[in-house]
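For reference, the structure is listed below as structure tokens.
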Amino acid sequence: MWAWKIGPALATGNTVILKSAESTPLSALYAASLVKEAGFPPGVLNILSGYGKVGAAMTNHPKIRKIAFTGSTATGKQVLKSAALSNLKKITLELGGKSPNIIFDDANIENALSWSALGIFFNSGEVCCAGSRLYVQEGIYDKVVAAFKQKAEEVVVGDPFNADTFQGAQTSKMQFDRVMGFIEDGKAEGATLLTGGCRAQDKGYFIKPTVFTDVKPDMKIVQEEIFGPVVCVTKFKTVEEVLTLANDTEYGLAAGVHTQDISKAHYVAENLHAGTVWINCYNSFHEAVPFGGFNQSGFGKEMGKDGLDNYIQTKAVRIMLDQAKLA
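Throughout, the numbering used here is defined as the position within the sequence shown, counted from one, plus 21.
Right, here's the structure in full:
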């Protein structure tokens with residue numbers, strides 16, 4: 022997030038104030054020390070740490086003309102409201118998601134499994150575009166579910182400074198409790214807990230990769246963003262059925278499609294209500310490719326030319342060369 026925002030903002034000639042997340046301030050501060058070492062003039066890049074009131078001061082400030090925010094949809098709405106009531110700041114919002122990840126019968130199963138595990142368990146599931154709704158076509162459902170369960174159980178959870186670790190702890194006790202609360206909600210609503218669903222260590226905020234099956238579209242764990250290593254697996258029959266299921270969400274940040282039929286891939290991608298669709302991969306980013314959501318996942322794009330356009334304003338100047346035409 023640091024690079025996605027600061028890079029294009031500086032490249033287009035702006036000075037920047039970055040307010041880091043209250044629970045993860047150190048990486049931004051360390052990167053700021055590198056900026057100083059690189060010789061940036063004082064005042065070009067400024068880092069603020071603190072709680073929500075610091076961010077609120079920025080969104081309300083009459084001399085700040087642009088806000089780029091990454092975070093929850095609820096907070097994004099407050100940012101938008103504050104920006105509108107102050108000085109109509111230009112806004113980019115990259116908000117929550119409940120992204121569908123679809124595996125068709127003709128997919129390369131091993132490839133699909135690897136990308137799908139990365140798509141939900143990477144960064145402890147604390148990724149806005151995490152593939153938290155996994156849809157598997159009925160012809161391969163049992164095989165995929167069994168193999169995905171095994172993959173989840175093979176994920177190494179622990180100290181992130183250990184080279185063998187893939188999944189670390191949740192960011193805070195509050196987030197740990199929130200994720201565990203969703204897991205309890207899923208069990209209470211009748212979903213089947215296939216694996217995980219509990220602490221992964223004796224201490225710390227580690228959660229075992231968690232897989233639910235037998236979920237229904239209206240369940241809380243299917244509709245709401247969990248922001249943790251929890252995935253809901255659903256069986257489907259047809260393309261149209263899975264499109265209906267995948268689009269049954271207030272979000273629209275990202276989606277994944279796994280198939281060897283390129284025509285099917287293009288059709289599904291076109292009809293998914295998502296700002297980014299990955300085909301035969303997941304969480305695959307490139308600095309030249311714009312990223313951003315639809316619906317309540319926000320608006321505006323990061324990266325690519327669209328990312329640069331966030332930080333500039335277009336001015337039209339028209340000159341009449343033949344002034345005789347005024348007559």
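Even glycine gets a Cβ: it sits at the ideal position worked out from N, Cα and C.
By the three-class DSSP mapping on this structure, what secondary structure does histidine 294 have?
coil
Three or more C-beta pairs below 8 Å linking the segment 96-113 and the segment 315-334:
yes
Inter-residue CB distance, glycine 123 and lysine 164 (contact presumed, cutoff 8 Å):
Sequence check: residue 123 is isoleucine here, not glycine. Between lysine 164 and isoleucine 123 the Cβ distance is about 16 Å, and since that is not below 8 Å, they are no contact.
Hey, which unbroken runs of the alpha helix (DSSP H) at 4 residues or more fall wholly within the segment 42-76?
Within the segment 42-76, the complete alpha helix (DSSP H) runs of at least 4 residues fall at 47-59.
Within the segment 117-167, note down every full beta strand (DSSP E) run reaching 3 residues or more, in order along the chain.
121-124 and 154-158
Residue interval of the beta strand (DSSP E) (run including alanine 267)
Boundaries around alanine 267 are those of the alpha helix (DSSP H), 260-267, since no beta strand (DSSP E) includes it.
Is leucine 274 closer than 7 Å to serine 93 when the C-beta atoms are compared?
no
Within 10 angstroms of the Cβ of proline 62, are there 16 or more other Cβ atoms? Answer buried if so, exposed if not.
exposed
Pick from Ser48, Val75 and Asp126 that is closest to serine 103, judged by C-alpha positions
Val75
Using the C-alpha atoms, what's the distance from threonine 33 back to lysine 336?
Rounded to the nearest angstrom, the two C-alpha atoms are 15 Å apart.
Please go through the same chain and pick out, in chain order, the residues whose beta-carbon is closer than 6 Å to the beta-carbon of phenylalanine 18, but skip the five residues on each side of it.
Residue 18 lies beyond the stretch modelled for the chain, which goes from 22 to 348, so this question has no answer here.
Helix, strand or coil: how does DSSP classify alanine 30 here?
helix
On the DSSP letters alone, give me the boundaries of the beta strand (DSSP E) that lysine 208 sits inside.
Here lysine 208 belongs to no beta strand (DSSP E); instead the alpha helix (DSSP H) covers 194-209.
Straight-line gap, alanine 212 to lysine 170 (C-alpha atoms, nearest Å):
15 Å
DSSP three-state label for threonine 96, please.
DSSP places threonine 96 in helix when its eight states are reduced to three.
Lysine 84 - containing beta strand (DSSP E), residue span
Careful: lysine 84 lies outside any beta strand (DSSP E) and carries neither H nor E.
Which same chain residues, not among the five before or five after alanine 42, have their C-beta less than 6 Å away from its C-beta?
Once the five neighbours on either side are set aside, alanine 42 has no close Cβ partner at all.
Cutoff 6 Å; reference glycine 146; Cβ partners in own chain excluding five residues on either side:
Gly249 and Pro250
Give me, in chain order, the residues of the same chain whose beta-carbon lies closer than 8 Å to that of leucine 31; leave out the 5 immediate sequence neighbours on both sides.
Val37, Val65 and Leu66
Measure the C-alpha to C-alpha separation of tryptophan 299 and lysine 194 and round it to an integer number of angstroms.
32 Å
When the Cα atoms are used, what is the spatial distance from valine 310 to phenylalanine 320?
15 Å
Please classify serine 48: is it buried, with 16 or more other beta-carbons within 10 angstroms of its beta-carbon, or exposed?
exposed
What does histidine 279 pair with, by DSSP beta-bridge criteria?
Ile124
If you drop the 5 nearest sequence neighbours on each side, which residues of the same chain put their C-beta closer than 7 Å to that of proline 238?
Within its own chain, the residues whose Cβ lies closer than 7 Å to the Cβ of proline 238, once the five positions on either side in sequence are excluded, are Leu266 and Asp269, listed in chain order.
Determine the closest residue to glycine 118 out of Glu245, Leu293 and Leu55, with distance taken between C-alpha atoms.
Glu245
Measuring CA to CA, which of Gly225, Glu210 and Glu262 is closest to methionine 240?
Glu210
Which one or two residues does DSSP pair with glutamine 188 in a beta bridge?
Val178
Leucine 109 (DSSP reduced to helix, strand or coil)
coil
When you compare each of Leu342, Val338 and Glu271 to phenylalanine 116 by their alpha carbons, which one comes out closest?
Note on residue identity: the sequence assigns leucine, not phenylalanine, to residue 116. With distances taken between Cα atoms, leucine 116 lies closest to Glu271.
Am I right that phenylalanine 312 and methionine 324 are in contact with their C-beta atoms under 8 Å? What's the rounded C-beta distance?
5 Å
Name the DSSP bridge partner or partners of glycine 319?
Looking at the DSSP assignment, glycine 319 forms a beta bridge with Glu115.
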